[in-house]
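Colleague:
Numbering (full-length UniProt numbering), first residue to last: 1 to 145.
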């Protein structure tokens with residue numbers, strides 16, 4: 001039996017927020033990354049409706065750039081998703097569609113970045129695109145190629 005901890009904490013160990021990213025199953029018929037999307041967990045919650053408990057999460061979607069992994073790195077590139085009014089694409093999903101945790105690596109721009117100004121919890125807001133890290137573990141390597 002395998003389990004992971006996926007965090008959505010406004011204060012993690014007194015060092016700042018910790019909001020993890022995940023692989024979300026969006027097409028169960030497709031294989032690997034073709035059936036998965038990336039989302040940033042913002043909040044976990046549950047509600048009861050007609051006696052049934054529904055565990056859910058609020059997420060921010062990411063879009064894949066291109067139809068396959070980056071040629072140079074072998075990793076998929078994703079960007080935060082926005083709607084037609086340039087507002088972040090936020091959704092509520094059932095936690096059963098979360099496949100596993102995902103690790104994103106920021107893609108650094110050509111201009112200089114003062115790393116002293118960037119805290120780990122700021123990276124999803126400070127960078128425009130990210131690599132989906134398939135080298136995190138063997139599970140990620142199998143699904144993110």
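Positions of the beta carbon are idealized from the N, C-alpha and C atoms, including for glycine.
Compute the distance between the beta-carbons of residue 59 and residue 87, then report whether it is under 9 Å.
Modeller: Looking up residue 59 in the chain shown gives position 59. Looking up residue 87 in the chain shown gives position 87. Going by C-beta atoms, residue 59 is not nearer than 9 Å to residue 87.
Colleague: For residue 57, count neighbouring Cβ atoms within 10 angstroms of its own Cβ and tell me buried if that reaches 16, exposed if not.
Modeller: In the chain shown, the residue the question calls residue 57 occupies position 57. Under this definition residue 57 is a buried residue.
Colleague: If you compare alpha carbons, which of 134, 135, 108 and 94 is closest to residue 125?
Modeller: Stepping through the chain shown from its first residue, residue 125 is reached at position 125. Comparing Cα-Cα distances from residue 125 to each of 134, 135, 108 and 94, the minimum goes to 108.
Colleague: As a quick exercise: from 47, 48, 14 and 63, pick the residue whose alpha carbon is nearest that of residue 40.
Modeller: Within the chain shown, the letter at position 40 stands for residue 40. The shortest C-alpha separation from residue 40 is found at 63.
Colleague: Check each candidate in 38, 103 and 133 and name the one with the smallest Cα separation from residue 70.
Modeller: Here the question's residue 70 lines up with position 70 in the chain shown. Nearest of 38, 103 and 133 to residue 70, Cα basis: 133.
Colleague: Given residue 118, which residues of its chain have a CB within under 8 Å of its CB, disregarding the five upstream and five downstream residues?
Modeller: Looking up residue 118 in the chain shown gives position 118. So the list reads 126, once near-sequence residues are dropped.
Colleague: Within the same chain, show all residues whose beta-carbon is closer than 6 Å to that of residue 1, passing over the 5 residues directly before and after it, in chain order.
Modeller: Taking the chain shown and counting its residues from 1, one reaches residue 1 at position 1. For residue 1, the predicted structure reports a pLDDT of 47, less than 50, and the residue's modelled location is therefore unreliable. The matter cannot be settled from this model.
Colleague: Is it the case that the Cβ atoms of residue 21 and residue 94 are separated by a distance below 9 Å?
Modeller: The sequence position of residue 21 within the chain shown is 21, counting from 1. The sequence position of residue 94 within the chain shown is 94, counting from 1. No, Cβ-Cβ distance for residue 21 and residue 94 is not below 9 Å.
Colleague: Please classify residue 36 as buried or exposed, where buried requires at least 16 neighbouring CB atoms within 10 angstroms.
Modeller: In the chain shown, counting from the first residue as 1, residue 36 sits at position 36. By the neighbour-count rule (16 or more Cβ atoms within 10 Å), residue 36 is buried.
Colleague: Go to residue 49, then tell me how far its beta strand (DSSP E) extends in each direction, as first and last residue.
Modeller: Position 49 of the chain shown, counted from the start, is the residue given in the question as residue 49. Note, residue 49: beta strand (DSSP E), 36-49.
Colleague: Please give me, in chain order, every unbroken run of the beta strand (DSSP E) with length at least 3 that falls completely inside the segment 51-82.
Modeller: The qualifying runs are 52-64 and 77-80.
Colleague: To the nearest angstrom, how far is it from the Cα of residue 149 to the Cα of residue 89?
Modeller: In this structure the chain extends from 1 to 145, so residue 149 is not present and cannot be described.
Colleague: With DSSP collapsed to three states, give me the class of residue 97.
Modeller: Your numbering for residue 97 matches position 97 in the chain shown. Three-state result, residue 97: helix.
Colleague: Rounded to the nearest angstrom, what separates residue 130 and residue 105 at their Cα positions?
Modeller: Numbered from 1 along the chain shown, position 130 holds the residue referred to as residue 130. Numbered from 1 along the chain shown, position 105 holds the residue referred to as residue 105. Rounded to whole angstroms, residue 130 to residue 105 spans 5 Å at the Cα level.
Colleague: Please report the residue range of the alpha helix (DSSP H) in which residue 124 lies.
Modeller: Position 124 of the chain shown, counted from the start, is the residue given in the question as residue 124. Unbroken alpha helix (DSSP H) run through residue 124: 123-126.
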